[in-house]
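Participant: Dropping the structure in here first, questions after.
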Amino acid sequence: MKKQNIYSFLISILSLIFGSFIINSGVVSNSYKTVILQIGIYLIASLSLNFTLGYLGEFTLGHAGFLAAGAYTYALLLKNGVNFLIAIIISAVVSCLIGCITGVLSSRLRGDYLAIASLGISEIIRIIIVNIEIFGGPKGLKSIPKYSNFLLIYSFVVLSFTVFKLIINSKHGRTIIAIREDEIAVKSLGISTRKYKILAFCVSAFFAGISGALWAGNQGILTPGEFGFMKSVEILVMVILGGIGSMTGSVISTSLLVAFPVIFQIFIPNMNKYRMVIYALILILVMIFRPSGIMGKKEFRFNKLKNPGGSENE
Amino acid sequence: MSNYVLECYNLNLLFKNHHAVKDFNLQVEKGKTYGLIGPNGAGKTTVLNLLTRVYKQNLGDIFINGKNTRKWDSTQINRHGIARTFQNIRLFKEMTVLENTMVGFHNNQKYSLFDSIFRTPKYFSEEKKIKNKSLELLSIFGMENKADCLSKNLSYGAQRMVEILRALATDPSILLLDEPAAGMNSSETMNLFEVINKIKNKFEISFIIIEHNMNFIMKICDYIYVLNRGETIAKGKPEEIQKNKEVETAYLGGQYAENK
Numbered sequence: 036m037k038k039q040n041i042y043s044f045l046i047s048i049l050s051l052i053f054g055s056f057i058i059n060s061g062v063v064s065n066s067y068k069t070v071i072l073q074i075g076i077y078l079i080a081s082l083s084l085n086f087t088l089g090y091l092g093e094f095t096l097g098h099a100g101f102l103a104a105g106a107y108t109y110a111l112l113l114k115n116g117v118n119f120l121i122a123i124i125i126s127a128v129v130s131c132l133i134g135c136i137t138g139v140l141s142s143r144l145r146g147d148y149l150a151i152a153s154l155g156i157s158e159i160i161r162i163i164i165v166n167i168e169i170f171g172g173p174k175g176l177k178s179i180p181k182y183s184n185f186l187l188i189y190s191f192v193v194l195s196f197t198v199f200k201l202i203i204n205s206k207h208g209r210t211i212i213a214i215r216e217d218e219i220a221v222k223s224l225g226i227s228t229r230k231y232k233i234l235a236f237c238v239s240a241f242f243a244g245i246s247g248a249l250w251a252g253n254q255g256i257l258t259p260g261e262f263g264f265m266k267s268v269e270i271l272v273m274v275i276l277g278g279i280g281s282m283t284g285s286v287i288s289t290s291l292l293v294a295f296p297v298i299f300q301i302f303i304p305n306m307n308k309y310r311m312v313i314y315a316l317i318l319i320l321v322m323i324f325r326p327s328g329i330m331g332k333k334e335f336r337f338n339k340l341k342n343p344g345g346s347e348n349e
Numbered sequence: 654m655s656n657y658v659l660e661c662y663n664l665n666l667l668f669k670n671h672h673a674v675k676d677f678n679l680q681v682e683k684g685k686t687y688g689l690i691g692p693n694g695a696g697k698t699t700v701l702n703l704l705t706r707v708y709k710q711n712l713g714d715i716f717i718n719g720k721n722t723r724k725w726d727s728t729q730i731n732r733h734g735i736a737r738t739f740q741n742i743r744l745f746k747e748m749t750v751l752e753n754t755m756v757g758f759h760n761n762q763k764y765s766l767f768d769s770i771f772r773t774p775k776y777f778s779e780e781k782k783i784k785n786k787s788l789e790l791l792s793i794f795g796m797e798n799k800a801d802c803l804s805k806n807l808s809y810g811a812q813r814m815v816e817i818l819r820a821l822a823t824d825p826s827i828l829l830l831d832e833p834a835a836g837m838n839s840s841e842t843m844n845l846f847e848v849i850n851k852i853k854n855k856f857e858i859s860f861i862i863i864e865h866n867m868n869f870i871m872k873i874c875d876y877i878y879v880l881n882r883g884e885t886i887a888k889g890k891p892e893e894i895q896k897n898k899e900v901e902t903a904y905l906g907g908q909y910a911e912n913k
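Here you go:
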């Protein structure tokens, strides 16, 4: 292992312990705590979307579907007394399978058609959830045990960031980026683009599932309405704002966008209603003044210190 | 078994009403260079696209090393030893020259997702192997100092070169070059000429080259096929083609003959 990798590993472990200590010590008020936890959950979601959108270059609108699959699997498993860690893994796997379907679609459809198809998949998931009794129908599931604490959520943030970074810096990541750059050229080099597309969607959906599971464990309540089209757009905005293809960009923009409405709510009540309006406004402004997003395709670095770990854990 | 690396018989392709390729026949011997020439829209690139299965022929058969390619896609074509470049350069623009060539080696690189996530020793050894191979390939053609450049920042000629090297990395037995000298100045064309000769000497592979630069193609090819409106109007050695009256009227024009 390289020296800098060990450093960033140590830094992320330390910041995890330190952060969890601060959160638990009660210095941070409850509303801020909620924001910090939500940032973590959204981070995993936006990082996973960035993997398919930014690195594979496939535009999808169905990320909420993966979250929903993860969240509901997690909730049902917990209600049946499964250990929460095992439940998280299983919900990630379930979401991964749905991601696999999207991956297969993506090798047949391109561009706008894939966006519509993925939107279709996420709507199908939502409608299944609404209509099947076991998922609680439109009323949703209540009293899910709340296991998602700072340590758990941010451990998964670090894990997902690291795994994505590791994949990107390998043969698989190189191929995935190459597919983004020129799919026909990749095919002409004898590489099955289909395999790598499915792989990218599986990995992305896997972590989206984890994000969903953590979401369920954080809220304690799940309603199918939460996982509609707007949720996908919300995550999409985070990725686009941060810079498509920049993981640290996603981290920055997700933190800003999640924290923004809650912090402003202190000054202006009922801000939450206008959250999507603000999102849209920010997006329009960024697109005008910085079309490639906050970070573009570049990665944020502390001087020479590369950070595959979550050195930016708040 | 025939001793041809690539054979195609009676290839036909129809785009709706347009007969793009008519009864195209080609037999490629090992280590020989073939040129495809003809006016714009003659179907030269279409033939390459047929050979690499970007288009599927309506009629006719293509054999690679005696195996029929009818059921293959362009990925499998490459795995059976045909690599190509494109008319409009298709490099991975946001990646470095080194990474571009490394992608070419990927099919020989056997490690799984597990290896890349857990950074097993296999990952390191395989990555190192491929990196060294790529650097070696780059250094043969004097590109090693550009290894860390983003490929989009290279000059046009250098981009062409990287594309050829990337195709070469897949270890082909036939290399299809689609207008490699297009847009190059004379010194770059000379350089390309030397590179192709170098590849021929070093790797013993056959070439099929589409080119509009007559001096270039006459010098480099063993056989030349002349296409016009999808039909093969002449084939033979460069000298024969130069004397061919039909070719002159269809493509080279009377002036070329006079200048000669």
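Residue numbers (this note's numbering), protein chains in the order written: chain A, 36 to 349; chain B, 654 to 913. Built from N, CA and C at the ideal position, the CB exists for glycine as well. None of these values were measured; they are calculated from a predicted model.
#1: Let me know if Gly278 (chain A) comes out buried or exposed under the rule of 16 or more other beta-carbons within 10 Å of its beta-carbon.
#2: For a contact defined as C-beta to C-beta under 9 Å, what are the partners of Glu747 (chain B) on chain A?
#3: Could you give the residue range of the alpha helix (DSSP H) that holds Ala152 (chain A)?
#4: What residue range is occupied by the uninterrupted beta strand (DSSP E) comprising Asn663 (chain B)?
#5: Along the chain, where does the beta strand (DSSP E) that runs through Ala887 (chain B) open and close?
#6: Which residues in chain B have a C-beta closer than 7 Å to the C-beta of Leu201 (chain A)? List them in chain order.
#7: Report the three-state DSSP secondary structure of Ala910 (chain B) (helix, strand or coil).
#8: Given that Ser859 (chain B) touches chain A, what residues does it touch there, using C-beta distances under 9 Å?
#9: Which class does Glu698 (chain B) belong to by DSSP, given the choice of helix, strand or coil?
#10: Using 7 Å as the limit for Cβ to Cβ distance, is Leu82 (chain A) near chain B?
#11: Within 10 Å of its beta-carbon, does Pro825 (chain B) have 16 or more other beta-carbons around it, so buried, or fewer, so exposed?
#12: With 7 Å as the C-beta to C-beta threshold (strictly closer), list the residues of the stretch 656-684 of chain B near chain A in chain order.
#13: Are there 16 or more other CB atoms within 10 angstroms of the CB of His671 (chain B), so buried, or fewer, so exposed?
#14: Any C-beta of chain A within less than 7 Å: which residues of the stretch 703-715 of chain B qualify?
#15: Going along the chain, which unbroken runs of the beta strand (DSSP E) with 3 or more residues stay wholly within the stretch 848-904 of chain B?
#16: Grab the span of the alpha helix (DSSP H) containing Ile202 (chain A) for me, first residue to last.
#17: Since I believe Ser246 (chain A) is in contact with Gly105 (chain A) (beta carbons under 8 Å), could you give me their beta-carbon distance rounded to a whole number of angstroms?
#18: Closer than 7 Å, CB to CB, is Leu756 (chain B) near chain A or not?
#19: So is Arg209 (chain A) in contact with chain B if we call contact Cβ pairs under 7 Å?
#20: What in chain B is Cβ-close to Ser267 (chain A), meaning under 9 Å?
#21: Are Val750 (chain B) and Lys799 (chain B) closer than 7 Å when you measure CB to CB?
#22: Apart from the five residues just before and just after Gly100 (chain A), which ones in its own chain have a Cβ nearer than 8 Å to its Cβ?
#23: I'd like to check one pair, Ile179 (chain A) with Ala110 (chain A): are the Cβ atoms closer than 7 Å?
#24: Give the residues of chain B in contact with Gly225 (chain A), contact being defined as C-beta atoms less than 7 Å apart.
Facilitator: Looking at the coordinates:
#1: As a working note, residue 278 (chain A) is residue 243 in the first sequence. Buried, since its Cβ has 16 or more Cβ neighbours within 10 Å.
#2: In the second sequence, the residue the question calls residue 747 (chain B) occupies position 94. Within 9 Å Cβ-Cβ: Ile212, Arg215, Glu216, Gly280 and Lys332.
#3: One-based indexing of the first sequence puts residue 152 (chain A) at position 117. Here the alpha helix (DSSP H) through Ala152 (chain A) covers Asp147 to Asn166.
#4: Counting from 1 along the second sequence, the entry for residue 663 (chain B) is found at position 10. Element bounds for Asn663 (chain B): Tyr657 to Phe668.
#5: By one-based count along the second sequence, residue 887 (chain B) stands at place 234. Per DSSP, Ala887 (chain B) belongs to the beta strand (DSSP E) from Glu884 to Gly889.
#6: To locate residue 201 (chain A), count along the first sequence from 1; it is residue 166. The answer, in chain order, is Ser769, Ile770 and Arg772.
#7: Sequence index remark: in the second sequence, residue 910 (chain B) carries index 257 (1-based). Its pLDDT being 49, under 50, Ala910 (chain B) is placed unreliably by the model, and nothing is read from it.
#8: Working through the second sequence from its first residue, we reach residue 859 (chain B) at position 206. The contacting residues do not exist; Ser859 (chain B) stays about 17 Å from chain A at best.
#9: For the purposes of this step, residue 698 (chain B) is taken as residue 45 along the second sequence, with counting starting at 1. First, the amino acid is wrong: residue 698 (chain B) is Thr here, not Glu. Reduced to three states, the DSSP call for Thr698 (chain B) is helix.
#10: Against the first sequence, residue 82 (chain A) aligns to sequence position 47. Not a single CB atom of chain B sits nearer than 7 Å to the CB of Leu82 (chain A).
#11: Indexing the second sequence from 1 puts residue 825 (chain B) at position 172. Buried.
#12: none
#13: In the second sequence, the residue the question calls residue 671 (chain B) occupies position 18. If you draw a 10 Å sphere on the C-beta of His671 (chain B), you find fewer than 16 other C-beta atoms in it, and that means exposed.
#14: Thr705
#15: 859-863, 876-881 and 884-889
#16: In the first sequence, the residue the question calls residue 202 (chain A) occupies position 167. Segment Phe185 to Ile203, the alpha helix (DSSP H) holding Ile202 (chain A).
#17: Here residue 105 (chain A) is taken as the residue at index 70 of the first sequence, counted from 1. Here residue 246 (chain A) is taken as the residue at index 211 of the first sequence, counted from 1. About 7 Å separates the CB atoms of Gly105 (chain A) and Ser246 (chain A); that is less than 8 Å, so the two are in contact.
#18: Translated into positions along the second sequence, residue 756 (chain B) becomes position 103. It is Val, not Leu, that sits at residue 756 (chain B) in the sequence shown. Closer than 7 Å to some Cβ of chain A, the Cβ of Val756 (chain B) qualifies, so yes.
#19: Here residue 209 (chain A) refers to the residue found at position 174 when the first sequence is read from its first residue. Cβ-Cβ to chain B under 7 Å: yes for Arg209 (chain A).
#20: Here the question's residue 267 (chain A) lines up with position 232 in the first sequence. The contacting residues do not exist; Ser267 (chain A) stays about 26 Å from chain B at best.
#21: Taking the second sequence and counting its residues from 1, one reaches residue 750 (chain B) at position 97. Taking the second sequence and counting its residues from 1, one reaches residue 799 (chain B) at position 146. For Val750 (chain B) and Lys799 (chain B), yes; Cβs fall inside 7 Å.
#22: Within the first sequence, residue 100 (chain A) is the residue found at index 65, counting from 1. Taken in chain order, the residues that qualify are Ile133, Ser153, Ile156, Ser157, Glu158, Ile159, Ile160, Arg161, Phe262 and Ser267.
#23: Start at 1 with the first residue of the first sequence, and residue 110 (chain A) comes out as number 75. Start at 1 with the first residue of the first sequence, and residue 179 (chain A) comes out as number 144. Cβ distance < 7 Å, so Ala110 (chain A) and Ile179 (chain A) count as in contact.
#24: Locating residue 225 (chain A) in the first sequence gives position 190, where the first residue counts as 1. Within chain B, the residues near Gly225 (chain A) are Thr728, Asn731, Arg732, Asn760 and Thr823.
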